[in-house]
């Protein structure tokens, strides 16, 4: 049994991310990448919500860039490098939403490497992280 969370869907999304960076390069603004991703998701028939609200208790909602197919949170970045806070933020979104997988995509990376972030409160995800999958 394949233990990789949302393998097929994340693979398809990865193809779209690479296409966008290939066409638009590394030096656009985050909003420009988000606009292009929205068009690509529409053109390829994905169900998604942009600026999806994540309820954070009593505080105001935070928003993740995209919620795709009711399964994956996608947060886009356009900065020299991802920071720990980017990962912590995605972890919080996953814990609060109860979802299993988030993708962090930094379009300024010289070599685009979408980062898979798993919900560590999900026992299946813990097994996958320790298995190094």
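Residue numbers (the numbering used here): 1143 to 1275.
C-beta: ideal position from N, C-alpha, C; glycine also.
**Asked** Could you give the C-beta distance for residue 1248 and residue 1221, rounded to a whole number, given that I count them as a contact under 8 Å?
**Response** 7 Å
**Message:** So, with DSSP's three-state summary, where would you put residue 1153?
**Reply:** helix
**Request:** Please state whether DSSP places residue 1191 in a helix, a strand or coil.
**Result:** strand
**Prompt:** Is the Cβ-Cβ distance between residue 1229 and residue 1259 less than 8 Å?
**Reply:** Yes, the pair counts as a contact, with Cβ atoms nearer than the cut-off.
**Request:** Have a look at the DSSP bridge pairing and note the partners of residue 1258.
**Result:** 1245
**Message:** Our contact map puts residue 1217 next to residue 1244 with C-beta atoms below 8 Å; I'd like the distance itself, whole angstroms only.
**Reply:** 7 Å
**Request:** Tell me residue 1238's beta-bridge partners as DSSP assigns them.
**Result:** DSSP, once it has assigned bridges, lists no residue as partnering residue 1238.
**Message:** How far does the alpha helix (DSSP H) with residue 1219 in it extend, from its first residue to its last?
**Reply:** It is not in any alpha helix (DSSP H) - residue 1219 instead sits in the beta strand (DSSP E) that spans 1214–1219.
**Message:** According to DSSP, simplified to helix, strand and coil, what is residue 1196?
**Reply:** In the structure shown, residue 1196 sits in a strand (DSSP, three-state: E or B).
**Message:** Quick check on the burial criterion: 16 or more other C-beta atoms within 10 angstroms. Buried or exposed for residue 1189?
**Reply:** exposed
**Prompt:** At which residues does the beta strand (DSSP E) containing residue 1207 begin and terminate?
**Reply:** 1204–1210
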